[in-house]
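Undergrad:
Residue numbers (UniProt numbering): 1 to 298.
#1: Determine, using beta carbons only, whether residue 157 and residue 118 come nearer to each other than 8 Å.
#2: For residue 82 and residue 126, which I take to be in contact (beta-carbon distance under 8 Å), what is that distance rounded to the nearest angstrom?
#3: So the alpha helix (DSSP H) residue 284 belongs to, where does it begin and stop?
#4: Would you say residue 248 and residue 218 are within 8 Å of each other, going by their C-beta atoms?
#5: Please identify the residue among 124, 207, 200 whose C-alpha is closest to the C-alpha of residue 230.
#6: Taking the alpha helix (DSSP H) that residue 166 belongs to, which residues open and close that run?
#7: As a quick exercise: from 174, 268, 271, 250, pick the residue whose alpha carbon is nearest that of residue 286.
#8: DSSP three-state label for residue 153, please.
#9: Quick check: residue 291 and residue 255, are their CB atoms within less than 8 Å of each other?
#10: Check whether the Cβ atoms of residue 101 and residue 84 lie closer than 8 Å to each other.
#11: So residue 267 is in the alpha helix (DSSP H); what residue range does that whole segment cover?
#12: Considering Cα atoms alone, identify which of 274, 272, 275, 289 is closest to residue 261.
#13: How far does the alpha helix (DSSP H) with residue 212 in it extend, from its first residue to its last?
#14: Helix or strand or just coil, what does DSSP make of residue 94?
#15: Could you give the distance in angstroms between the alpha-carbon of residue 121 and the alpha-carbon of residue 147?
#16: I need the DSSP call for residue 200, collapsed to helix, strand or coil.
#17: For a test of the three-state rule: what should DSSP assign to residue 106, helix, strand or coil?
#18: Are residue 245 and residue 281 touching if we call contact CB-CB under 8 Å?
#19: Just verifying my parser: in three-state terms, what is the DSSP assignment at residue 194?
#20: Specify the secondary structure class of residue 81 as computed by DSSP and reduced to three states.
#21: Using the rule of at least 16 other Cβ atoms within 10 Å of the residue's Cβ for burial, across every protein chain shown, is residue 213 buried or exposed?
#22: Can you tell me where the alpha helix (DSSP H) with residue 292 in it begins and where it stops?
#23: Are the CB atoms of residue 171 and residue 132 within a distance shorter than 8 Å?
#24: Is it buried or exposed, residue 224, if we count other Cβ atoms within 10 angstroms and call 16 or more buried?
#25: Taking C-alpha atoms, which residue in 270, 88, 164, 19 lies nearest to residue 187?
#26: Measuring straight from C-alpha to C-alpha, what distance separates residue 94 and residue 160?
#27: Looking at residue 268: is its Cβ nearer than 8 Å to the Cβ of residue 238?
#28: Tell me whether residue 90 counts as near the ligand FAD, meaning its Cβ is closer than 7 Å to at least one heavy atom of that ligand.
#29: Out of 136, 135, 143, which one is the CA nearest neighbour of residue 98?
#30: Residues in its own chain within less than 7 Å of residue 128 by CB, not counting five upstream and five downstream?
Structure representation (structure tokens):
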């Protein structure tokens, strides 16, 4: 608390938001999960708290350069402003601030600032996200790949590797290069421990396989998504998983199984009071039932 100062209350607020399962499971207008956005802010705060504790100056006093303890407030302020601009949709302002901060951090000594690569990765991630929002996918990929390279150098930060892999996958998916998206998202699997996050990840991968018409793989990931969602006792992702399995089964001609999973999804939509989902599920469920043998329709 002493290190973060006035930002302690910001950290507490973000931690409280992370406890709201319905909120963190939703997405921004640009397709980013709010859980990822909030976690990025928390990671930035934690990183800068570590820097704040450094006391030795990087440069001799006569050069009047920032000491590490003076640099930490700059980093903290910059990362918070960058995240704030991103979440509010002001990508151009976020990009300008991130590029300015990047140029400054690049001049710092790794010996004096052990977290330099971690900070550089966070900034490249922010720049990549800004380019993503602005529609420059080549630039977005360039910076997310640099973030990945830096994350792999920080062996104690698997969450940074996950962030970079997810952003690269998201960028490929946005440009309909779903095979490449799957390649990077599948690398995240051994790094993810949280059941809810696993469910979300398996669903994304399964949906890509469905789009690529690889229906068995889509079903397999749907089953894994369902198992993780049940472990997390999350009805929303149980619903999504059942729909994914049902769609894959329908494509492979397993009509009975497809109908069964659509019915499960319908029940979950009722439990979660998701009227829009219920209406859409009921429509496709009725269509699937028409494909059943006459004696099995009900």
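Quick reminder that beta carbons are idealized off the backbone N, C-alpha and C, glycines included.
TA: From the atom records:
#1: In the chain shown, the residue the question calls residue 157 occupies position 157. In the chain shown, the residue the question calls residue 118 occupies position 118. Yes, the Cβ-Cβ distance between residue 157 and residue 118 is below 8 Å.
#2: As a working mapping, residue 82 is identified with position 82 in the chain shown. As a working mapping, residue 126 is identified with position 126 in the chain shown. Rounded, the Cβ-Cβ distance is 5 Å, consistent with contact.
#3: Here residue 284 is taken as the residue at index 284 of the chain shown, counted from 1. Element bounds for residue 284: 275-289.
#4: For the purposes of this step, residue 248 is taken as the residue at position 248 of the chain shown. For the purposes of this step, residue 218 is taken as the residue at position 218 of the chain shown. Yes, they are a contact pair.
#5: For the purposes of this step, residue 230 is taken as the residue at position 230 of the chain shown. The residue with the shortest Cα to Cα distance from residue 230 is 200.
#6: Stepping through the chain shown from its first residue, residue 166 is reached at position 166. Segment 158-174, the alpha helix (DSSP H) holding residue 166.
#7: Counting from one through the chain shown, the residue named residue 286 turns up at place 286. For residue 286, the nearest C-alpha among the options comes from 250.
#8: The count along the chain shown starts at 1 and reaches residue 153 at position 153. In this structure, residue 153 counts as helix in the three-state DSSP scheme.
#9: Here the question's residue 291 lines up with position 291 in the chain shown. Here the question's residue 255 lines up with position 255 in the chain shown. It is a contact, given that the beta carbons lie within the stated cut-off.
#10: Position 101 of the chain shown, counting from 1, holds the residue named residue 101. Position 84 of the chain shown, counting from 1, holds the residue named residue 84. For residue 101 and residue 84, no; Cβs fall outside 8 Å.
#11: Residue numbering aside, residue 267 sits at position 267 when the chain shown is read from its first letter. That run of the alpha helix (DSSP H) goes 255-271.
#12: Taking the first residue of the chain shown as position 1, residue 261 is located at position 261. Residue 261 has its Cα closest to that of 289, out of 274, 272, 275, 289.
#13: Within the chain shown, numbered from 1, the residue matching residue 212 stands at position 212. Residue 212 -> no alpha helix (DSSP H), and no H or E assigned at all.
#14: If you number the chain shown from 1, residue 94 lands on position 94. Reduced to three states, the DSSP call for residue 94 is helix.
#15: Taking the chain shown and counting its residues from 1, the one referred to as residue 121 is at position 121. Taking the chain shown and counting its residues from 1, the one referred to as residue 147 is at position 147. If I take the Cα positions, the gap works out to 4 Å.
#16: For the purposes of this step, residue 200 is taken as residue 200 along the chain shown, with counting starting at 1. It is helical.
#17: Position 106 of the chain shown, counted from the start, is the residue given in the question as residue 106. Residue state, collapsed to three classes: coil.
#18: Sequence index remark: in the chain shown, residue 245 carries index 245 (1-based). Sequence index remark: in the chain shown, residue 281 carries index 281 (1-based). Contact flag unset, no.
#19: For the purposes of this step, residue 194 is taken as residue 194 along the chain shown, with counting starting at 1. Three-state result, residue 194: coil.
#20: Sequence index remark: in the chain shown, residue 81 carries index 81 (1-based). Here residue 81 sits in helix by DSSP.
#21: Taking the chain shown and counting its residues from 1, one reaches residue 213 at position 213. Residue 213 is exposed by the Cβ-count criterion.
#22: Taking the first residue of the chain shown as 1, we reach residue 292 at position 292. That residue, residue 292, is in no alpha helix (DSSP H); it is neither H nor E in DSSP.
#23: For the purposes of this step, residue 132 is identified with residue 132 of the chain shown, where counting begins at 1. For the purposes of this step, residue 171 is identified with residue 171 of the chain shown, where counting begins at 1. Closer than 8 Å, so yes.
#24: The residue given as residue 224 occupies position 224 in the chain shown. Looking at its Cβ environment, which holds 16 or more other Cβ atoms inside 10 Å, residue 224 is buried.
#25: Within the chain shown, the letter at position 187 stands for residue 187. With distances taken between Cα atoms, residue 187 lies closest to 164.
#26: As a first step, residue 94 is located in the chain shown; it is residue number 94 there, counting from the start. As a first step, residue 160 is located in the chain shown; it is residue number 160 there, counting from the start. Roughly 20 Å separates the two Cα atoms.
#27: As a first step, residue 268 is located in the chain shown; it is residue number 268 there, counting from the start. As a first step, residue 238 is located in the chain shown; it is residue number 238 there, counting from the start. Taking 8 Å as the Cβ cut-off, residue 268 and residue 238 qualify as a contacting pair.
#28: Judged by which ligands are present, the structure shown has none, so any question about the ligand FAD falls away.
#29: The residue labelled residue 98 in the question sits at position 98 within the chain shown. It is 143.
#30: Residue mapping note: residue 128 aligns to position 128 of the chain shown, counting from 1. Excluding sequence neighbours, residue 128 sits near 140, 143, 144, 147, 167.
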